[in-house]
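Residue numbers (this note's numbering): 13 to 87.
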């Protein structure tokens with residue numbers, strides 16, 4: 013069967029494109045739940061975060077979808 017690779021009838025057009033929506037993430041402090049948290053320093057192992065509300069400093073933060081409602085957070 014001699015069909016060239018760019019033949020649209022066999023391979024379709026645009027089938028290799030991924031059409032997934034990227035969800036926006038929100039970072040929250042693991043101690044108080046505030047969103048006022050920012051990366052303070054970067055190391056080889058990752059970031060160190062600092063919370064402006066409770067003064068938490070550490071490598072862990074909670075990442076949630078920005079559009080997550082109260083029911084979705086409990087999953």
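Glycine is no exception: its CB is placed at the ideal position from the N, C-alpha and C atoms. The structure displayed is predicted, hence computed values, not measured ones.
By the beta-carbon neighbour count (other beta carbons within 10 angstroms, threshold 16), residue 49 is buried.
Apart from the 5 residues on each side of it in sequence, residue 69 sits with its Cβ closer than 8 Å to the Cβ of 52, 60, 61, 62, 63 in its chain, given in chain order. The Cβ atoms of residue 58 and residue 42 do not sit closer than 9 Å to each other. Excluding its 5 nearest sequence neighbours in each direction, residue 76 has C-beta neighbours in its own chain below 8 Å: 37, 38, 40, 85, listed in chain order. A straight-line Cα-Cα distance of about 14 Å links residue 79 and residue 47.
In this structure, DSSP gives residue 48 a state outside helix and strand, which the three-state scheme calls coil.
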